[in-house]
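For the sequence shown, the residue numbers in the working numbering are 765 to 1408. Note that the Cβ used here is the ideal one computed from N, Cα and C, for glycine as well. Fair warning: this is a prediction, and the values are worked out from it, not measured in the lab. Below is one structure, written out as structure tokens, with a few remarks after it.
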Amino acid sequence: MGKNIIEKILAGHLVFGNLAPGAEIGIRIDQTLTQDATGTMAYLQFEAMNVPKVKTELSVSYIDHNTIQIGFENADDHRYLQSVAQKFGVVFSRAGNGICHQVHLERFGKPGKTLIGSDSHTPTCGALGMIAIGAGGMDVALAMAGEPFYLTCPSVIKINLNGNLKPWVSAKDVILKVLEIFTTKGNVGTIFEYGGEGIASISVPERATITNMGAECGVTTSVFPSDNVTRLFLRSQQREIDFIEVKADDDAVYSKIVNIDLSQLESLAAKPHSPDNIGTVRSMKSIPVNQVCLGSCTNSSYKDLVTVAKILKGKVAHPDISFILAPGSRQVLDNLARDGYLADLIASGARLMENACGFCIGNSQSPKSGAVSLRTSNRNFPGRSGTMDADVYLVSPETAAAAVITGRFTDPRDLKMEYPQIPMPQKLIIDDNMIIRPDYTQRNIEIHRGPNIGAPPVNVALPDTISGQATIKVGDKITTDHIIPAGARMKYRSNIPKYSEFVFENVDASFARRAMTLKDAGRHNIIVAGLSYGQGSSREHAAICPMYLGVRAVLVKSLERIHAANLINFGILPLTFLNEHDYDAIDQGDDLEIAGARTAILEGKNLMVKNKTKGTSFPVGCALSSRQKQIILAGGALNVRSHT
Ligand code: MIC
Ligand code: SF4
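This is how it looks when you write it as structure tokens:
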């Protein structure tokens, strides 16, 4: 029987288990990436593992998220990260060099390799025919220490892209269509593998837009074959040497096959407040727009930005529009500048931001209250822009450019212009002088720890009886942005006691105080939630901070992959309702008790939850592999590691 791309790469990296969908497997990791917002915790955890140098082929530490630097905190983090990279043999991409996923795609990703990154959009590099997976910082630290990465062996869904895109329709519209089909929930444990004759006309950066936003579906990753398009891209990056062909066998088997006719697609938008709330741009009926943000790791390649520059050339942003531009990398910016497009964009009124995450994570450029903001980024969760009552729509660069001109939602076809053709330059400017490679001749490198760098908190072993309260009850699709907000709060990433004050800030601002009071009384906090709990980012702070507040279990209808792994890594028990009506019967504040937890976990049995307030009991599931059981019982991964 033939093999698909995923099976081929996994088989070449398998170190534990069998490739049977649903079973736990361990794979060797060739490359890792971290960014500054998740990186400090990852390297603090790595330091606690007492390993002298990273054991991967390549590990890169990027500074791209917290670059606003109001106060000393982020600068302290950056300094720590630079020194720790030197000490442990990690390549360091300085602030100003660009967003981790864009830079990794350009400079480091390799077909056929495995990559994990402490950022949920790590699958971006799947565009190069590699397996690239987002994970919590602890899992990345373990991979840097040479441990396998464990995951549920995925089932593979084939998405055939057939035909060709029509003018004005682009890669963003393709992934928005995929989100319409698959939604943001129910895809845990699957991978999207793209194929079909249409992919021959889709460049690597466009493929990257598609693999990047697969993260919003909750799939483990997305991958394209490595073909001639990949070879050309690597050649343009002066690293054709990294090219190998990676393709599925003709008789490869998939769990499901979905066909998308590219020629039938039109411009789409993800409406507030979820990336799967899709409608056509036509159906937006000229809604007035206040802000347009171009950039993020989804849509800030040379082609994306040149397309917009050509559409806007000689025009000025509509007076009602604040037009924000954040190029994805310094390479993109260098080439835009050399080719004159940067001048065109600035002349059209673009407000040029740093080559960093910026607006996407809400740490700058929050729109006005009640604003309509069109963004080429990947998430429009409530409040993520920094303005609670803003309506954020996710769109293609073409749709964004049309709104810059008209001040309204406009199908770019209605601009009645010729669709710009973007020839790739003969030669790209490639300059790695913002990348610092480890210098192995240096000894006794001192690690800089400013006052913002704390110790990673460690949990205690799981007690046999969890006794406490349903301190909060929330609904479906609670994202990690709901659990622990990013934006202006991001600067506390390395200071867990402080950051923990903001857990569920935008859902129930008194949660942290209530939880701390219960913890101080020697009791446990339990989070009760609906479907798809923990969507979105890889931020392990959505587990660490609740852990710090004394959360010992989450009781949910279903959990997303990265968050589930993070909960286990920090000793929080992930429990699932076996009967959904038991969720309905719990009220926030109910006294809950789970007795005999350790024994039930060891024996792989369901646990019983006693609702002491209601006088009822109900069973809950806890599906853990034997490796995960060991971690949960020990109170987290660091506790296991320190005993091995
Ligand atoms: C995001 O897009 O939400 C982030 C910020 O990049 C996160 C990482 C983080 O919270 O540091 C992600 O996607 O994992
Ligand atoms: Fe940065 Fe936004 Fe991409 Fe996250 S999604 S890595 S915040 S640009």
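Mind the definition here: the stretch 1100 to 1118 touches the stretch 1201 to 1214 only if three or more C-beta pairs lie below 8 Å; say whether that holds. no
Residues near Lys819 in its chain [Cβ-Cβ closer than 6 Å; skip 5 each side]: Gly910
Using a Cβ-Cβ cut-off of 7 Å (strictly less than) and excluding sequence neighbours within five positions of Leu1282, which residues of its own chain qualify? Gly1232, Gln1233, Thr1235, Asn1289, Gly1314
How would you label Leu1032, buried or exposed, when you count the other beta carbons within 10 angstroms and need 16 or more for buried? buried
Contact test: His885 Cβ vs the ligand SF4 heavy atom, cutoff 7 Å: yes
With H, G and I counted as helix, E and B as strand and the rest as coil, what does DSSP make of Leu906? helix
So Asp1355 is in the beta strand (DSSP E); what residue range does that whole segment cover? 1355 to 1358
As assigned by DSSP and simplified to three states, the class of His865: helix
Quick one: what's got a C-beta closer than 7 Å to Lys941's C-beta in the same chain, skipping five residues either side? Ile1024, Leu1029, Leu1032
Can at least three beta-carbon pairs, one atom from the stretch 867 to 878 and one from the stretch 1296 to 1316, be found at a separation below 8 Å? no
The ligand MIC heavy atom lying under 7 Å from the CB of Thr802: yes
For His1037, verify whether its CB is less than 7 Å away from any heavy atom of the ligand MIC. no
Within a Cβ cutoff of 7 Å, which residues of the same chain sit near Ile827, ignoring the five residues on either side of it in sequence? Asp800, His842, Leu845, Ser857, Arg858, Ala859
Expressed to the nearest angstrom, what Euclidean distance is found between the alpha-carbon atoms of Thr1044 and Thr1174? 10 Å
Beta-carbon contacts of Val1292 that lie in its chain and below 6 Å, excluding the five residues immediately before and after: Ala1234, Lys1237, Leu1319, Ile1350
Secondary structure at Val942, three-state DSSP: helix, strand or coil? helix
Assign Ile710 to one of three DSSP states: helix, strand, or coil. Because residue 710 is not part of the residues shown, which for the chain are 765 to 1408, the question remains open.
Hey, how far is the Cα of Glu944 from the Cα of Cys981? 10 Å
Out of Thr975, Glu961, Arg1143, state which residue places its alpha-carbon closest to the alpha-carbon of Ile1042. Arg1143
Taking 7 Å as the cut-off, is the C-beta of Arg1143 nearer than that to any heavy atom in the ligand SF4? yes
Please state whether the Cβ-Cβ distance between Val1384 and Thr1340 is less than 8 Å. yes
Does DSSP put Thr1377 in a helix, in a strand, or in coil? coil
How many angstroms separate the CA atom of Gly893 from the CA atom of Ala775? 15 Å
When DSSP labels each residue in this structure, what does Asn1289 get in the three-state scheme? strand
For Ile895, the first and last residue of its enclosing beta strand (DSSP E): 895 to 898
Residues near Lys1020 in its chain [Cβ-Cβ closer than 6 Å; skip 5 each side]: Ile921
Beta strand (DSSP E) containing Asp1155: first to last residue? 1155 to 1158
Count the other CB atoms, across all protein chains shown, that sit within 10 Å of the CB of Gly901; report buried if there are 16 or more and exposed otherwise. buried
In the DSSP assignment, find the alpha helix (DSSP H) that holds Gln846 and state where it starts and stops. 837 to 852
From the DSSP output, in three-state form, read off Cys1309 for me. helix
Is it a yes or a no for the stretch 830 to 842 touching the stretch 1135 to 1155, going by three-plus beta-carbon pairs under 8 Å? no
Backbone CA spacing between Thr995 and Ile939 [nearest angstrom]: Reading the sequence as shown, one finds Arg at residue 995 and not Thr. So the alpha carbons of these two residues sit roughly 23 Å apart.
Can you list, in chain order, the stretches of the alpha helix (DSSP H) that have 4 or more residues and sit fully within the stretch 1258 to 1286? 1260 to 1263, 1275 to 1284
Compute every distance between the C-beta of Ala1164 and the non-hydrogen atoms of the ligand MIC, then say whether any falls below 7 Å. no
Using C-beta distances below 7 Å, list every residue in its chain close to Met1188, excluding the 5 sequence neighbours before and after it, in chain order. Ser1000
Which whole runs of the beta strand (DSSP E) in the stretch 1001 to 1085 are 3 residues long or more, in chain order? 1020 to 1025, 1032 to 1034, 1042 to 1044, 1055 to 1059
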